[in-house]
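Under this note's numbering, the sequence shown is numbered contiguously, ending at residue 678.
Let me begin by presenting the structure, written as structure tokens, before commenting on it.
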Amino acid sequence: MLPRTSSSPTSCAPSPSGVMAGIRSCPSPTSSPVTSSSWNPETSSLPMPLCARQRAFWSMRPPSQAKAFLYPSRGTKTRLASISATASAVQAESELVKGVDRISTFILKITLITLLFVILANVLIDGKETDIPSLLIFAIALAVSVIPEALPLVLTFSLSRGALQFAKKDVIVKRLSSVQDLGSVNLICSDKTGTITENRLVHKNSYIVPESAFHPLILARLAAHDLEGPAPEPFDRATNEALSDEQRSEIAAFKLLEEEAFDPALRSNGAVVRKEDGLVLHIRRGSPEYFFEQGLVHREQVGGWLADEERAGRRVLGVSYDEGSGARFGGFVSFVDTLKDTTIETIAAARKLNVAVTIITGDALMVAEAVGREAGLVTSSDEVMKAAQFLALPIQEQFKRISTIRVFARTTPEQKLQLIELLKKQYTVGFLGEGINDAPALKAAHVSMVVQSAADVARETADIVLLKNDLRVIVEGIRMGRETHANTLKYIRATLVSNFGNFYAVAIGSLFISFLPMLPKQLLLLNLLSDFPMMAIAFDRVSEQEVAQPQRYDFRSLYIIFVTLGLVSTVFDFIYFALFYRISPEVLQTNWFIASVITELLLMASIRSMLPIEKAGWPAPLVVLVSVLALVITLALPMIPWTAEFFEFTRPTTAHLVLIMSLALLYLIISELAKRPLARFLNKK
């Protein structure tokens, strides 16, 4: 790498693209392009000609005859560093993390306030006779009993199970919480190529310029870069496959001197080639707009042909060449990229899950619209818009129209980030990208996904890596994410209702009963036995109704559910108090312990779905098995002498057990009756 000299660089004109791989010497006075081999650092007294702001791109090859290769930008001034800085500046927080944080904060606040009230009330009632150490131990046990300490374990089970299911679908989960975040996605943003279409281009038509010395297919093939790589660019492969034997022979006479990387701003790339007879060509290949902007061809000349091709959904490449006397237009070649067989079916499946699909593509407007119509995404031209045209609207108009646009065409990487940020204000966005320039948009999306062949920076940023570039995998992933979220919500609902019901019953009961309604070690045992079945809920079955809508933490609904059903639980706890506290402390503590475990198991069976219990379907076999095991252990503990002695239980009578079971069934009926109008009310929100 050469240092800059203090001498003034030779005056030169910018290259046609302004972007080059390595440094090509500037055009000579005769405008003949030459390679950097004409400048020798050992013999030349002049500094190396340096065209303004030329850039070298990662993985590009230097000119084949270059004796020096100069990087005008390095470190933090490179394009890659700029993209990395933009991606780092974008802040995105997991929906799962935000939801768990809010739940944890709420539980902590309500627990601390209640415990403070209970401690102060006991001190005021008992005065100097208060047993402070025992009261503090009881308060700590009470706090432990109300905290859903199994939540991290349930989340880990649910997310790990989801990640394993993803792996079977050729999907690698990098951020475990993204499994559940995917369940909240209600908008998928993706390029059409490779996800909606096959990304297997086939040459369809050519626009030949009579004055051109070269067929446009030949020029397009000479500008191809990576046919030797493991995964050639679709345009390069399609161009190469379309050549006739005669055209291949003509191409064999050329030797590549230099490549010019694709510039997303100019939508073109280039190459410098030399023929055996010494002819040097500078070729540019890119979107039709590039050649219109360069003035090489006028839209009026080719507009009819171009419109017909784009309306048919064909992708069009233009070419130009320069023999040293100025660039000339070389024609167009068009390619067809058919829809995937699964596209229409997949989009229909996404609609059943209430997930919208938006195409964000760099292709021409009419091409994007044609594909959108064929896929069933677009029914009106009003649903298709160029990204630049949309972003030029007033901000209020953007907010108004963003949800009506299903296809954004001619989108630059910078515009992708702007569109994702706008869409996030109305949707939970999953974005599928692959290029280096996609990194900021990937970082901004709620869930970021890339294909296996994506750039390193994009893969590093992404939450999920798809081994197959298939929209169907994403839609199936959304369903699995919703199942994971639904099972997590089951645990949260059940544990909040049962824990807070018992929490308030014990806390309030301690103010009116001269002994503790349940000993600290009994409270902890109750918590352990009831948590085992709730942990198994991670593997429960999920109904179609539960996955039909995007899953989010609806805190208003959670608060209403746990307050309403928690109140029912507290009332039944007081009924047990009234029945047994006059007999003896041991009888109340034992019977209420048994009743609490049984009612929590029945509550879990009821609240695992907001549907009526008879319509919710059977729980998963594992949930049933663990619940039965917990019930057997609960009934056995007071019967076994050494466990009864350790936990200070007394043997329950048959009459007491019948009464406990009868009240537990009544509790289930009352909870179901309270749940049904509650579910109707919450569904109307």
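Ideal Cβ placement from N, Cα and C applies to all residues, glycine included.
Measure the C-alpha to C-alpha separation of residue i and residue j and round it to an integer number of angstroms.
i                 : j                 : result
phenylalanine 424 : valine 440        : 6 Å
valine 371        : isoleucine 353    : 13 Å
lysine 333        : leucine 386       : 34 Å
alanine 231       : glycine 324       : 17 Å
glutamine 287     : glycine 311       : 12 Å
isoleucine 189    : alanine 143       : 41 Å
leucine 659       : isoleucine 467    : 45 Å
isoleucine 395    : glutamate 376     : 10 Å
arginine 17       : aspartate 256     : Bear in mind that a pLDDT of 37 at arginine 17, under 50, signals an unreliable position, so the number given afterwards is only what the model happens to contain. So the alpha carbons of these two residues sit roughly 17 Å apart.
serine 205        : phenylalanine 401 : 34 Å
serine 550        : threonine 636     : 40 Å
proline 7         : leucine 175       : Any reading at proline 7 is ruled out, since the residue's pLDDT is 37, under 50, leaving its predicted position unreliable.
leucine 671       : arginine 307      : 54 Å
valine 625        : leucine 101       : 33 Å
aspartate 533     : serine 153        : 14 Å
methionine 603    : arginine 366      : 39 Å
asparagine 262    : aspartate 94      : 48 Å
lysine 161        : leucine 236       : 40 Å
proline 612       : lysine 393        : 44 Å
leucine 274       : serine 280        : 20 Å
threonine 405     : asparagine 192    : 19 Å
leucine 738       : glutamate 607     : Past the edges of the chain, shown from -6 to 678, lies residue 738, and the structure says nothing about it.
Suppose the cutoff is 6 Å on Cβ atoms and the five residues either side in sequence are ignored; what does the same chain contact list for residue i look like?
i              : result
isoleucine 600 : Arg486 and Ala487
glycine 502    : Pro510 and Phe570
arginine 168   : Asp456
lysine 668     : none
valine 444     : Glu427, Leu459 and Asn462
Looking at the strands, I want to know which residues DSSP matches up with residue i.
i             : result
aspartate 315 : His275 and Ala320
tyrosine 200  : Phe325
aspartate 256 : Ser261
valine 443    : Gly426 and Val458
glutamate 681 : Summary: the structure shown does not reach residue 681, with the chain confined to residues -6 through 678, and so no result is reported for it.
leucine 310   : Val326
valine 499    : Partner(s): none; valine 499 has no beta bridge.
threonine 190 : Leu332
valine 195    : Val329
Got a sec? Which residues, its chain only, sit under 8 Å from residue i by beta carbon, not counting five neighbours each side?
i            : result
glycine 158  : First, the amino acid is wrong: residue 158 is glutamine here, not glycine. Met473.
valine 535   : Arg475, Glu476, Ala479 and Asn480
arginine 399 : Ala349, Val350, Thr351, Ile352, Gly365, Leu370, Val371, Glu376 and Val377
valine 295   : Tyr200, Pro281 and Phe325
Near residue i, what residues of its chain come up, given a Cβ to Cβ distance below 7 Å and the 5 sequence neighbours on each side ignored?
i                 : result
phenylalanine 508 : Pro578
phenylalanine 322 : Val202, Phe284, Leu289, Val290 and Ser313
isoleucine 130    : Pro513
lysine 268        : Ala246 and Phe247
glutamate 302     : Asn198, Val309 and Ser327
valine 682        : One cannot answer for residue 682 here, as it falls past the ends of the chain, which runs -6 to 678.
serine 589        : Asn495 and Leu519
phenylalanine 565 : Thr592, Leu656 and Tyr660
alanine 123       : Position check: residue 123 holds threonine in this sequence, whereas alanine was assumed. Only Asn115 and Val116 meet the Cβ criterion.
Taking 8 Å as the line, does the beta carbon of residue i fall inside it for any heavy atom of the ligand ATP?
i           : result
leucine 659 : As far as ligands go, the structure on display features none, and thus does not contain the ligand ATP.
Kindly indicate the opening and closing residues of the beta strand (DSSP E) around residue i.
i           : result
alanine 349 : 349 to 353
valine 166  : 164 to 166
leucine 180 : 180 to 183
lysine 379  : 377 to 379
valine 400  : 400 to 402
Just reading off the alpha helix (DSSP H) that residue i is part of, what are its end residues?
i              : result
alanine 657    : 647 to 676
isoleucine 211 : 209 to 215
proline 634    : 634 to 640
threonine 592  : 578 to 600
glutamine 408  : 406 to 416
arginine 230   : 227 to 235
alanine 438    : Run containing alanine 438: none; DSSP gives neither H nor E here.
leucine 148    : 144 to 161
aspartate 524  : 513 to 529
lysine 608     : From DSSP, lysine 608 is part of no alpha helix (DSSP H); its letter is neither H nor E.
alanine 363    : 358 to 368
lysine 393     : 388 to 394
Quick one: does residue i have its CB under 9 Å from some CB of chain D?
i           : result
alanine 447 : The structure shown has no chain D; it contains just one protein chain.
For the 8 Å Cβ check, are there 3 or more pairs between the stretch 593 to 608 and the stretch 520 to 535?
yes
Is the stretch 420 to 436 touching the stretch 113 to 125, taking contact as three or more C-beta pairs under 8 Å?
The stretch 420 to 436 is not in contact with the stretch 113 to 125.
Do the stretch 553 to 562 and the stretch 491 to 498 touch if we need at least three Cβ pairs shorter than 8 Å?
The stretch 553 to 562 makes contact with the stretch 491 to 498: 3 or more CB pairs, one atom from each, lie closer than 8 Å.
Does the stretch 204 to 220 come within contact of the stretch 579 to 589, defined as at least 3 CB pairs closer than 8 Å?
no
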